[in-house]
Amino acid sequence: MSETSTAPEAREEADGGGSFDVVVVGAGPAGLNAALVSGRQRRRVLLIDSGRPRNAPSPEVHMLLGRDGVSPTALRAAARADLAAYATVEVRAGEVSDARALDAGFELVLADGRIERTRKLILATGQVDVPVEIPGLAERFGRGVFHCPFCHGFETRDRALAVVGSDPASVMLALYVADRFSHDVVLATHGSMPTDEQRALLAKADVALRDEEVTSISGEPGALTLEFAAGPALTRGAIFHRTRIRQHSALAARLGCVHLPDGCVRVDEFQRTSAPGVFAAGDMARLEALPDPLTFVVTAAADGARAAVWADQELFRADTGL
Ligand SMILES: Cc1cc2nc3c(=O)[nH]c(=O)nc-3n(C[C@H](O)[C@H](O)[C@H](O)COP(=O)(O)OP(=O)(O)OC[C@H]3O[C@@H](n4cnc5c(N)ncnc54)[C@H](O)[C@@H]3O)c2cc1C
């Protein structure tokens, strides 16, 4: 046995002092599921969360088996209630502000000044959406202005839609929603002009173009009005907008984890980062082979399970000498 390992009974009796087997940072679907899987193996777990999940503005979670349409708040509350059955799991509100590798394990500095130690670290800190700066857009994000046709497209079906953005991903998004959700789609490029090739594709798909700057977005979900620097206003049932995304936390960078060009933390099939003993799960991480991260609740939960299983296996092998 390693110096830091604990017998199962001792783990169950532990009061939170000393070192954890696993600290999970972030209690979105990735972190909650990682804590559940680890707790069920009687690991001493600290799940710590700063309370700013990515889908907070949204009233509903879709594409989740058995819970399609559940509110994100209710889903997280149910997952936390599940964790209460596991004596070795501590759930704490707080922020991990720094982390460093020790000879064995990690030391974490919390924003309240507390220091915690752990043998394995699972980062599940998520991503943050950065919408384009148009007055009225950010406050409607998640409620009438959506980033993802998989998450929200079905609810906007057969409505007049706008897509705001000019990069290739926005052009693709406009083609995408025109392909399956609406015959009335306008791409508002906010002052940019698509390439000739993109214009041809948009015309073929009957997607209309507005290339004036969008000066404001107002109204309620179902009737959102876009004002332009020139020309008439446009009222739409819903708007799609591909946000820029960035890491919610700098912890992975602090620990030296390799990041991919799109800012995601690189993980392998076991959710291992390039830093030994550090796993990453959910929106923040992806396999290099994927062109894009799959940023869904169900995939985040699956990542969390994978990270927890393989972190557990590393602990088990170290403790038994297998
Ligand atoms: C508007 C909107 C609607 C969406 N709708 C859907 C949908 O219908 N269906 C679907 O499948 N997906 C949907 N998504 C995507 C979904 O929200 C994400 O895929 C999912 O939340 C990712 O889970 P996660 O655990 O990786 O991160 P998150 O859920 O973002 O959780 C990360 C947590 O880590 C915490 N954290 C960050 N840094 C620290 C730190 N240093 N210390 C402590 N805690 C920290 C944060 O506060 C946060 O609570 C939606 C996204 C958005 C933006």
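If you read the sequence shown in the working numbering, its first letter stands for residue 23, the second for the next number, and so on. Just so you know, even glycine gets a beta-carbon here, dropped at the ideal spot from N, CA and C.
With a threshold of 7 Å, establish whether the CB of residue i neighbours any heavy atom of ligand 2.
| i | result |
| --- | --- |
| Ile156 | Among the ligands modelled here, namely ligand 1, ligand 2 does not occur. |
At a threshold of 7 Å, does residue i count as lining ligand 1 (C-beta to nearest heavy atom)?
| i | result |
| --- | --- |
| Ser80 | yes |
| Cys170 | yes |
| His270 | yes |
| Ala297 | no |
| Phe250 | no |
| Thr140 | no |
| Thr317 | yes |
| Pro153 | no |
| Cys279 | no |
| Phe301 | no |
| Ile261 | no |
| Pro243 | no |
| Ser60 | no |
| Ile137 | no |
| His84 | yes |
| Arg276 | no |
| Glu291 | no |
| Glu306 | According to the sequence provided, residue 306 is Met. The question's Glu does not apply to it. The answer is yes for Met306. |
| Leu143 | no |
| Ala146 | yes |
| Gly213 | no |
| Ala49 | yes |
| Phe163 | yes |
| Asp341 | no |
For residue i, collect the residues of the same chain with a Cβ closer than 7 Å to its Cβ; drop the 5 residues on either side in sequence, then sort them by chain order.
| i | result |
| --- | --- |
| Arg268 | Gln149, Val150, Val152 and Gly285 |
| Asp90 | His84 |
| Val111 | Ala57, Gly61, Val67, Leu69 and Leu105 |
| Met23 | In this prediction, Met23 scores a pLDDT of 37, lower than 50, which makes its location untrustworthy; no coordinate-derived value is stated. |
Could you check how far apart the C-beta atoms of residue i and residue j are, in whole angstroms? I think they sit under 8 Å.
| i | j | result |
| --- | --- | --- |
| Ala340 | Ala52 | Contact doesn't hold; Cβ gap of about 24 Å is too wide. |
| Gly166 | Glu242 | 7 Å |
| Leu130 | Val113 | 15 Å between Cβ atoms; not a contact. |
| Thr237 | Ala227 | At roughly 27 Å, the Cβ-Cβ gap does not stay under 8 Å, so Thr237 and Ala227 are not in contact. |
| Leu231 | Ile239 | Going by Cβ atoms, the distance from Leu231 to Ile239 rounds to 18 Å, so no, they are not a contact pair. |
| Arg17 | Ala191 | Nothing about residue 17 can be reported from this structure: the residues present for the chain run from 23 to 344 only. |
| Gly50 | Tyr108 | The Cβ separation is near 18 Å, so there is no contact. |
| Gly299 | Gly88 | That pair is no contact at about 34 Å. |
| Gln75 | Arg98 | The sequence as given places Pro at residue 75; Gln does not occur at that position. About 7 Å; that satisfies the 8 Å criterion. |
Nearest to residue i by alpha carbon, out of the options?
| i | options | result |
| --- | --- | --- |
| Ala327 | Thr342, Ala146, Phe176 and Glu235 | Ala146 |
| Arg179 | His205, Ala101, Met194 and Arg162 | His205 |
| Glu336 | Arg89, Phe203, Ser192 and Lys142 | Lys142 |
| Arg64 | Val44, Leu197 and His212 | Val44 |
| Ala56 | Ala330, Asp189 and Arg102 | Ala330 |
| Leu246 | Leu316, Gln293, Val185 and Ala222 | Val185 |
| Glu234 | Glu177, Val208, Leu195 and Asp218 | Val208 |
| Leu273 | Leu183, Leu248, Ala302 and Thr110 | Ala302 |
| Ala96 | Arg264, Asn77 and Val47 | Asn77 |
| Arg102 | Leu58, Asp90, Asp134 and Gly299 | Leu58 |
| Arg181 | Phe318, Arg98, Gly244 and Pro315 | Gly244 |
| Arg320 | Tyr198, Ala275 and Leu54 | Checking the sequence shown, residue 320 turns out to be Val, not Arg. Nearest of Tyr198, Ala275 and Leu54 to Val320, Cα basis: Leu54. |
| Val229 | Val193, Asp120, Asp189 and Leu277 | Val193 |
| Leu132 | Val46, Val92, Ala160 and Asp290 | Val46 |
To which residues of the same chain is residue i closer than 8 Å at the C-beta, ignoring the five residues directly before and after it?
| i | result |
| --- | --- |
| Asp37 | With a pLDDT of 39 at Asp37, under the threshold of 50, the modelled position of that residue is not reliable, and the figure given next carries that caveat. Hits under 8 Å: none found. |
| Ile156 | Val186, His212, Val236, Thr237, Ser238 and Ile239 |
| Leu256 | Ala184, Val208, Ala210, Arg232, Thr247, Leu248 and Phe250 |
| Phe176 | His84 and Phe203 |
| Ala275 | Gln269 and His281 |
| Trp332 | Phe292, Gln293, Arg294 and Phe301 |
State buried or exposed for residue i, treating a residue as buried only when at least 16 other CB atoms are found within 10 Å of its CB.
| i | result |
| --- | --- |
| Glu25 | Note that Glu25 scores a pLDDT of 38, beneath 50, so its modelled location is shaky; the value from the coordinates is reported in the next line. Glu25 should be labelled exposed. |
| Arg308 | buried |
| Asp125 | exposed |
| Pro216 | buried |
| Arg122 | exposed |
| Arg136 | exposed |
| Thr342 | exposed |
| Gly164 | buried |
| Gly48 | buried |
| Phe168 | buried |
| Glu310 | exposed |
| Ala260 | buried |
| Leu312 | exposed |
| Ala100 | exposed |
| Glu35 | Residue confidence is low: Glu35 scores 45 on pLDDT, short of 50, so the model does not pin down where it sits. Its coordinate-derived value is still stated next. Result: exposed. |
Excluding the five sequence neighbours on either side, which residues of its own chain have a C-beta within less than 6 Å of the C-beta of residue i, listed in chain order?
| i | result |
| --- | --- |
| Val280 | Arg288 and Ser296 |
| Cys173 | His84 |
| Arg162 | none |
| Phe42 | Arg66, Leu68 and Thr140 |
| Ser72 | Glu117 |
| Leu195 | Val185, Phe262 and Arg264 |
| Leu86 | Val319 and Val320 |
| Gly253 | Glu234 |
| Leu277 | Ala121, Ala297 and Val300 |
| Val92 | Val83 |
| Ser271 | Thr147 |
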